[in-house]
Structures are given as structure tokens and as C-alpha cells.
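> Have a look at this one before I ask anything.
In the working numbering, the protein residues as written are 12 to 466.
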């Protein structure tokens, strides 16, 4: 089996060679009650206050929160008009923002704007309760994980188990890599994680699709972090929760925004919230710099295909993937945007959709000129009839660049810059890019070079 194809598809939670199909992001069978109130100013500026009495209403709960954080709330009947913190009043005049009460029902995932009188709402009747400062039709940052459990109030973590490479990278980027005691066998980044895995300092808890509940339990973790659309992860976490172990199920990394939400959630659940917001700010700042470069007028709306192999009928990035979102971010078009997830496509659609650029993500090739030439020479007639082939615009991402491109994690800004350099020639011209890129991928990054969160 193609190694990269397997590794990427299990990350994408697809069926391949007997792997278990991950179920959709539905809540746990045991609904969990909120234990406090959330105050969300937007931009991941979020506060939480636990309550002793689940029968408290959101107004009294917010009063306790404001008292604790030295804030002031201004009410108009049951409507929250403003909150003052650090001598600044929110919302600012003319911002188009307003405060609203948002409720996450038990047994579900996602906020709904409340139309109830806040005095008629009881905190413990919901999975999460939030006062959010939002634009019309906007929602606050998710208050529950992918299983419908509120992740606030877990306390400080000291022993962490990660069930997925993307989770491991996110944990490390939020400052808690040094307290990981267990991880899946594919977790190999940052480099010190791979070293600790090899020495046994971090215990392998099994594969991505078959983590060992017994091994995880023996590590006595404070918190276990996995992927919410992997059924085995959900099963392990449900058992652990029944024994009092805190768990967090991240959302499918199908967009840049979701990756940022997951980053915040991981940090907040471990009580590393400050570091997680700093990480998000760094990522957003780098993406804004890339946006500015793309807005310079030199960009072209090229058609792009990201493939996991050079097969005649390849697996490609569909519209509901972070890879597709990155293509859109660099102002190009994913020719398979109407497909769902990572999908196998008919060979005839490759020439008919005629990509201008093809990105092959595969560790089955080395990072040498000869390996690249061998890859190109093996392409089918369908691939050879594309504009990408005719114009020499087929790139190979191998070795470490494969993981960079295939994991929806905090290295998303680096992947976006690399994509920009591949498909938007001339927009960033301070480094010459080869047609094959591997462990040396950072050598071609300037804007995001230091955003690998390796320490």
C-alpha cells in the first residue's frame, strides 16, 4: 500500500484497507451538564467562571464572573448591553457587534442564540452557556468539544496522552509538549517527541486507528486528547470519562478556522489558554502577511489539484478539507472542491478539469532529482495531457513535507506559505523553489520559517 496514502487517509478518517470509518461529529451518549458560564469577547478573548450551583441563571453567573475578573456588566432588563474590562467598554460604538446569550443543548454540538429570558435559564440544563459578543448570524468560539462535552474547568494538566499526530503537534504548540506521557505511534513532530518516543520516555499507546485503552489508562493521564471523528478515539474517551479522566475530542480539521478553534480548545482544556491564544495570534499574523502579498496584484486564480499519489485514479483533496481551504486562501481554485473529504476520482476527470498545478503528497519517493524524474516519467496519459504537465508545474512533497501537508495542525501557516510559493509564482520571490521538497521545506520559507513550534 502507498505509505503516504495510508497515513493521510487515516488522518482524514476515511476507509482504506480495512481501517474503521470514523463516525460524524455527534455527541457522547451520556449528556454532560455545564459547570459554569463563558464570556466570549471574540478573537479568542474568552473568560470562564465555574459555579457551585447548577441551578444558577446566566445573569447571576455572569455577575460572579465579572466580580472575579473586575469587570462591569450593564443590563437593559434581561439584555446585556455592555461589559467593561481594563477600562474599555465592549462593544465599541459602530462595531456592529452586540452581546447575546448562546446555549449549547445537552447531547448536541453547536451554539444556538437564546430567545429565552435569561432568568428562566438554568446553567445545569445545558452542555454549555455563553455570553458572546458577535456580529449578526455569527457564533462564539465552540464551548464544547466534538462529543458535546464542555472543555472548560478541567484544571491544570500535568500528564497528557495524545491519540493523533495533529493533536500532538497542537499540544506542543500550546506549550505542553514536555508533559506528554503517551502518544500514538505516528506522532513524530516536533523532533523531541520522536526522540522521546524512541527512548520510551513517551509511551506508544498504539496506532491512530487502534489506540489501547489499557495502555492509556495505565499512564494515569490528567487529560486525553484525540480526534472527534475517529470512532475508536471516541470509544476510548467515553470509557476514560466514565472513570473520571478528562478528555477532549477535537473537531475534524476541515478548514483553517477549525484548526484555530482546535488550538484554542486544546490550550483551554489543559489550562494553557494564554499560550494557545499567543500561538493563534502568530498564525493569524503570518496568514495576514501572506494575504497582503497575494493582494499585491501579481496573483492568478489558477486551478490546483492535490493528490496523495500518482495513480491513474488518484485520491485527491475535496472541498471539505483543510488542504482545499488553503488552496482558496492562496486565491486559487481546487478543481475537486465539490468532492467530500479526501476522495478517489475517475481518471478521466483529471484532464477534463485540466489543473494548472498538481501537488503530489507522497513519501514513497525520495527528495532527489532522480526520484522526481522517476515520478514524472511514470505519470499516466491522463496526467500528461494536463496544463500542469505541459508547463512543468507538478510538485512533489515528500519526507517531512508530507506530514506538513497532511496534518491539520498548528503548522498550517507554513503549509499555506509553501502552497503560495508553489502555485503563485512571483508573489513571494525571495527564495527559489525546487520541484521536489522534503525535510528541507523550511529552507524555502521566510514568512513562517519560525512557526513550526518546535520547542
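Glycine is no exception: its CB is placed at the ideal position from the N, C-alpha and C atoms.
Beta-carbon separation of residue 236 and residue 424 under 8 Å?
Cβ atoms of residue 236 and residue 424: not closer than 8 Å.
> Thinking C-alpha only, which one of 389, 384, 431, 399 is nearest residue 467?
The first residue shown for the chain is 12 and the last is 466, placing residue 467 beyond what the model contains.
> Are three or more beta carbon pairs between the segment 439 to 454 and the segment 403 to 411 nearer than 8 Å?
Touching, per the Cβ criterion.
> So, helix, strand or coil for residue 183, using DSSP?
In the structure shown, residue 183 sits in a helix (DSSP, three-state: H, G or I).
> Within 8 Å, do at least three Cβ pairs link the segment 103 to 114 to the segment 123 to 134?
Touching, yes.
> Do the CB positions of residue 7 and residue 291 come within less than 8 Å of each other?
Here the chain comprises residues numbered 12 to 466, so residue 7 is not present and cannot be evaluated.
> If you run the structure through DSSP and keep just helix, strand and coil, what is residue 421?
Reduced to three states, the DSSP call for residue 421 is coil.
> Of the choices 208, 367, 198, whose alpha-carbon is the least far from that of residue 338?
The shortest C-alpha separation from residue 338 is found at 367.
> When you compare only the Cα positions, how much space is there between residue 88 and residue 74?
Approximately 14 Å between the Cα atoms of the pair.
> Would you call residue 210 buried or exposed, if buried means 16 or more other Cβ atoms sit within 10 Å of its Cβ?
When all chains shown are included, residue 210 counts as exposed.
> If you follow the alpha helix (DSSP H) that residue 252 is in, where does it begin and where does it stop?
Unbroken alpha helix (DSSP H) run through residue 252: 242 to 253.
> So residue 141 and residue 49 are in contact, right, with Cβ under 8 Å, and what is the actual spacing, rounded?
About 4 Å; that satisfies the 8 Å criterion.
> For a quick check, are the C-beta atoms of residue 153 and residue 276 less than 8 Å apart?
Yes; because the gap between Cβ atoms is below 8 Å, this pair is in contact.
> Should residue 76 go down as buried or exposed, given a rule of 16 or more other Cβ atoms within 10 Å for buried?
Answer is buried; the Cβ neighbour count reaches 16.
> Enumerate in chain order the residues of its own chain whose CB-to-CB distance from residue 309 is below 8 Å, with the five nearest sequence positions on each side excluded.
If we look at residue 309 and ignore the five residues flanking it on each side, its Cβ neighbours are 435, 437, 438.
> According to DSSP, is residue 311 part of a helix, a strand, or is it coil?
Residue 311: coil per DSSP, three-state reduction.
> Answer yes or no: do residue 469 and residue 217 have a C-beta to C-beta separation smaller than 8 Å?
Residue 469 cannot be examined here, being either before or after the span of the chain that is shown, 12 to 466.
> So residue 438 is in the beta strand (DSSP E); what residue range does that whole segment cover?
Note, residue 438: premise wrong, no beta strand (DSSP E); not H, not E.
> Could you check which residue in 90, 465, 456 has the C-alpha nearest to that of residue 301?
The shortest Cα separation from residue 301 among 90, 465, 456 belongs to 456.
> What residue range does the beta strand (DSSP E) around residue 87 cover?
Segment 83 to 87, the beta strand (DSSP E) holding residue 87.
> Tell me the DSSP secondary structure of residue 40 in three-state form.
Because the pLDDT of residue 40 is 45, which lies under 50, any placement of that residue in the model is unreliable, and the number read from its coordinates should be weighed accordingly. Reduced to three states, the DSSP call for residue 40 is coil.
> Give me, in chain order, the residues of the same chain whose beta-carbon lies closer than 8 Å to that of residue 389; leave out the 5 immediate sequence neighbours on both sides.
321.
> I need the boundaries of the beta strand (DSSP E) containing residue 92, first residue and last residue.
From DSSP, the beta strand (DSSP E) with residue 92 extends over 90 to 96.
> Which stretch, first to last residue, makes up the beta strand (DSSP E) that contains residue 261?
Segment 257 to 261, the beta strand (DSSP E) holding residue 261.
> Compare the Cα-Cα distances from residue 226 to each of 220, 162, 215 and report the closest residue.
For residue 226, the nearest C-alpha among the options comes from 215.
> Does DSSP classify residue 143 as helix, strand or coil?
In the structure shown, residue 143 sits in a strand (DSSP, three-state: E or B).
> Could you check what DSSP says for residue 53 in three-state terms: helix, strand or coil?
The answer is coil: DSSP assigns residue 53 none of H, G, I, E or B.
> Just mark residue 212 as buried or exposed, buried being the case when its beta carbon has 16 or more other beta carbons within 10 Å.
Answer is exposed; the Cβ neighbour count stays below 16.
> Apart from the five residues just before and just after residue 59, which ones in its own chain have a Cβ nearer than 6 Å to its Cβ?
These residues qualify, in order along the chain: 47, 49, 163.
> According to DSSP, which residues form a beta bridge with residue 4?
In the structure as shown, the chain starts at 12 and stops at 466, and residue 4 therefore has no counterpart that could be examined.
> Out of 427, 198, 194, state which residue places its alpha-carbon closest to the alpha-carbon of residue 343.
Considering only alpha carbons, the answer is 427.
> Which one or two residues does DSSP pair with residue 48 in a beta bridge?
Paired residues: 60.
> Check the DSSP bridge columns for residue 116 and list the partner residues they point to.
Answer is 137.
> Return the bridge partner residues of residue 291 from the DSSP annotation.
Bridge partners of residue 291: none, in fact.
> Using the DSSP secondary-structure output, state which residues sit across from residue 448 in a beta bridge.
408, per the DSSP bridge assignment.
> Would residue 155 and residue 175 qualify as a contact pair, given that the criterion is a beta-carbon distance under 8 Å?
Taking 8 Å as the Cβ cut-off, residue 155 and residue 175 do not qualify as a contacting pair.
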